Amino acid sequence: MKCSAVISNLIQNVRCQKHTLLATRAASALLVLMIALSGHAYAQRIAITGGQVHTMSSKGVIEGGTVLIEDGTIKQVLSGVAVPAGYTEIDATGKVVSPGFIGALTNLGLVEVSMSAGVNDSRVNAHAVSTVGAAYDVQYAINTDSTLIGVTRLEGFTSAATGLGSTGQLFDGQGAFISLSTDFNSVLKSHAFMHVDLSSSGADKVGDSRAALWVALYQSLEEALYVQSNPITPSWEWFGMISRADATALVKVVSGEMPLLVTANRANDILQVLALKERFSDLQLALVSASDGWRVAQQIAAANVAVVLSPEENLPGQFDRLGATLQNAARLHAAGVELSIGIETHNARLAPQHAGNAVANGLPHSVALAALTINPAKLYGVDDIVGSLEAGKQADIVIWSGDPLEVTQAAEMVFIKGESMTMQSRQTKLRDRYLHRDVSKPAGYSQ
1 MKCSAVISNL
11 IQNVRCQKHT
21 LLATRAASAL
31 LVLMIALSGH
41 AYAQRIAITG
51 GQVHTMSSKG
61 VIEGGTVLIE
71 DGTIKQVLSG
81 VAVPAGYTEI
91 DATGKVVSPG
101 FIGALTNLGL
111 VEVSMSAGVN
121 DSRVNAHAVS
131 TVGAAYDVQY
141 AINTDSTLIG
151 VTRLEGFTSA
161 ATGLGSTGQL
171 FDGQGAFISL
181 STDFNSVLKS
191 HAFMHVDLSS
201 SGADKVGDSR
211 AALWVALYQS
221 LEEALYVQSN
231 PITPSWEWFG
241 MISRADATAL
251 VKVVSGEMPL
261 LVTANRANDI
271 LQVLALKERF
281 SDLQLALVSA
291 SDGWRVAQQI
301 AAANVAVVLS
311 PEENLPGQFD
321 RLGATLQNAA
331 RLHAAGVELS
341 IGIETHNARL
351 APQHAGNAVA
361 NGLPHSVALA
371 ALTINPAKLY
381 GVDDIVGSLE
391 AGKQADIVIW
401 SGDPLEVTQA
411 AEMVFIKGES
421 MTMQSRQTKL
431 RDRYLHRDVS
441 KPAGYSQ
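Each residue of the sequence shown is one higher than the last, beginning at 1 in the UniProt record's numbering.
Next up, the structure:
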């Protein structure tokens, strides 16, 4: 079954209305419907053919490539082969095919309206179960029906790391790595990371000074190191600074089982973060934000520490960001630092645009794509599942109208676990509801 002719005709018909983006997405929606009606659902066999395939693997970019999907996984990634019998063919000639993008650090699934407590699980008030915030676990708070997931998915994102925004305590709890599918069971990996803010904002939460912040951090990790060798039992009376639950959670950090993501911006703060590995040798560290990272890029690279950043952070919004520059990403890469690009939750969908701007400021295009795909997958230890187009991996794939880092291009089709996602969100539904409103009816009516 070949759908390219139908989709091309529909695009041509709608383009005459001057809405190219609407046209491509309307056509994609029709194609999703055709696949569903053809009797194929999750277990469908799909062949994406003819596109420029960015595998994000050792195969590099394949011109006129073919991606075979079967039972929710990638079966093969080949160069220009005949489509086997039994596959629904999607002609991607003239288009770009890539792995689904990854939200490198978000609150997706935890927040709808930031200022409304009833729909914001990304913040935690201090609770007796935790004295330093390490014990909190977001996997139990994720709402797969969040409207922000649909908005983000529409722009080519298929998975994300999600965690608490603030606990008012030293640590911001344990994050999870989630799929942005419509499945209720979206957690691909729980306990995917621990986050701690060691910037001026973090100091505000712990004694209003880095003098208190760093002592609290070292003491917490020291107690976790002790518990690693002396496991806590229910009968053991615990007298540590941190709670039993915190100590148990932090054991996974000091053992290297769970990466510790550290927000730090000043150059000397970053160097102190790197020095943590001198005492806690098994730590798997990653820096977040790192506005001054370019000033100590060689040291970051030598420590083999990755960086999660927003390339558009170029304003001195705080005193520890006086060195912010649009060239930060390019300079860090030139020094050998592995980068992931991430934007805050409500604008997570704009990360490709920010990556494109990083390219304009010197970051190689292929590196920018890696920062949206395979690099965050490696950071969270899920690169055996997502992040590249390779046989055996989950079929999280996006077909783009053109270069995904160009703001004028768009995701036309999104596959998660081999299933075509509907190209709709709350925003598009509201647009469609009122775009052609029947003016003969009162304003409260949409049809």
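Here a beta-carbon is modelled for each residue, glycine too, at the ideal position from N, C-alpha and C.
Since this is a predicted model, take the numbers as computed values, not measurements.
Provide the residue span of the alpha helix (DSSP H) that contains residue i, from first to last.
{"i": "S340", "result": "Unbroken run through S340 is the beta strand (DSSP E), L339 to I341; no alpha helix (DSSP H)."}
{"i": "T147", "result": "T147 to R153"}
{"i": "Q272", "result": "A267 to R279"}
{"i": "S220", "result": "R210 to S229"}
{"i": "A245", "result": "R244 to V254"}
{"i": "H354", "result": "A351 to A360"}
{"i": "residue 459", "result": "Given a span of 1 to 447 for the chain in the structure shown, any question on residue 459 remains unanswerable."}
{"i": "S366", "result": "H365 to A370"}
{"i": "L332", "result": "N328 to A335"}
If you draw a straight line from the C-alpha of residue i to the C-alpha of residue j, how long is it?
{"i": "G100", "j": "D320", "result": "34 Å"}
{"i": "I300", "j": "F239", "result": "36 Å"}
{"i": "A306", "j": "S57", "result": "19 Å"}
{"i": "F177", "j": "I74", "result": "20 Å"}
{"i": "I69", "j": "L148", "result": "27 Å"}
{"i": "K393", "j": "I385", "result": "5 Å"}
{"i": "G39", "j": "L217", "result": "Low local confidence applies: a pLDDT of 42 at G39 is under 50, so the model's placement there is unreliable, with the coordinate-based value given in what follows. Each residue's Cα considered, the two are about 56 Å apart."}
{"i": "D183", "j": "Q174", "result": "22 Å"}
{"i": "A303", "j": "R266", "result": "17 Å"}
{"i": "A160", "j": "L379", "result": "12 Å"}
{"i": "V359", "j": "A330", "result": "8 Å"}
{"i": "K252", "j": "S420", "result": "36 Å"}
{"i": "V111", "j": "V83", "result": "43 Å"}
{"i": "G256", "j": "S229", "result": "14 Å"}
{"i": "residue 528", "j": "L154", "result": "This structure does not reach residue 528, given that the chain is present from 1 up to 447, and the question cannot be answered."}
{"i": "S401", "j": "H436", "result": "26 Å"}
{"i": "S220", "j": "L250", "result": "8 Å"}
{"i": "T345", "j": "G109", "result": "9 Å"}
If I'm right that residue i touches residue j with Cβ under 8 Å, what's the distance once you round it to whole angstroms?
{"i": "P311", "j": "A286", "result": "About 16 Å; that fails the 8 Å criterion."}
{"i": "A224", "j": "V254", "result": "5 Å"}
{"i": "L369", "j": "S98", "result": "7 Å"}
{"i": "L164", "j": "V124", "result": "6 Å"}
Might you give, ordered along the chain, the residues of its own chain that have their beta carbon closer than 7 Å to the beta carbon of residue i, omitting 5 neighbours on each side?
{"i": "Q427", "result": "V151"}
{"i": "L372", "result": "F101, I102, I341, A351, P352 and A355"}
{"i": "V273", "result": "L198, V262, A264, L285 and L287"}
{"i": "Q318", "result": "S200"}
{"i": "F297", "result": "Rather than Phe, the amino acid found at residue 297 in this sequence is Ala. Around A297: R331, L332, A335 and V337."}
{"i": "K59", "result": "V77"}
{"i": "S388", "result": "T55, M56, S57, P99, T373 and I374"}
{"i": "P404", "result": "V96, S98, G156 and P352"}
Below 6 Å CB to CB, which residues in the same chain sit around residue i once its five sequence neighbours on both sides are set aside?
{"i": "A348", "result": "G103, T106 and T152"}
{"i": "L261", "result": "F193, H195, A286 and V288"}
{"i": "T93", "result": "G50"}
{"i": "A275", "result": "none"}
{"i": "Q139", "result": "A176, V187 and S190"}
{"i": "I46", "result": "I69 and T88"}
{"i": "G336", "result": "A301"}
{"i": "T158", "result": "G100, L180, D396 and I416"}
Which residues bound the beta strand (DSSP E) around residue i?
{"i": "V196", "result": "V187 to D197"}
{"i": "Q424", "result": "Looking at the DSSP string, Q424 is not in any beta strand (DSSP E), and its letter there is neither H nor E."}
{"i": "Q174", "result": "F171 to S179"}
{"i": "Q299", "result": "Not the beta strand (DSSP E): Q299 falls in the alpha helix (DSSP H), residues A297 to A302."}
{"i": "P90", "result": "Reading off the sequence shown, one finds Ile at residue 90, where the question assumed Pro. Per DSSP, I90 belongs to the beta strand (DSSP E) from T88 to D91."}
{"i": "L261", "result": "L260 to A264"}
{"i": "A141", "result": "Neither: A141 is in no beta strand (DSSP E) and is coded neither H nor E."}
{"i": "F101", "result": "F101 to T106"}
{"i": "T158", "result": "F157 to T162"}
{"i": "L287", "result": "L285 to S289"}
Leaving out five residues before and five after residue i in sequence, what residues of the same chain have Cβ atoms less than 8 Å from its Cβ?
{"i": "T131", "result": "Q169, M241, I242, S243 and D246"}
{"i": "H333", "result": "L339, L363, P364 and V367"}
{"i": "Q76", "result": "T66, V67, L68 and A391"}
{"i": "T248", "result": "A135, V227 and I232"}
{"i": "Q327", "result": "W294, N361 and G362"}
{"i": "A41", "result": "Because the pLDDT of A41 is 44, which lies under 50, any placement of that residue in the model is unreliable, and the question is left without a value."}
{"i": "N120", "result": "L110, V111, E112, V113 and S114"}
DSSP beta-bridge partners for residue i?
{"i": "S381", "result": "Checking the sequence, you will find Gly at residue 381 rather than Ser. Note: G381 sits in no beta bridge, so no partner."}
{"i": "M413", "result": "I399"}
{"i": "L68", "result": "A47 and Q76"}
{"i": "G387", "result": "Answer by DSSP bridge pairing: none, since G387 is not bridged."}
{"i": "L309", "result": "I341"}
{"i": "Q394", "result": "T73"}
{"i": "I62", "result": "V53"}
{"i": "N120", "result": "V111"}
Of all the CB atoms in chain C, is at least one closer than 8 Å to the CB of residue i?
{"i": "D396", "result": "Looking for chain C here will not work: only one protein chain is present."}
The ligand NAD heavy atoms versus the CB of residue i: any closer than 7 Å?
{"i": "S114", "result": "Only the bare structure without any ligand can be found here, which leaves the ligand NAD out of the picture."}
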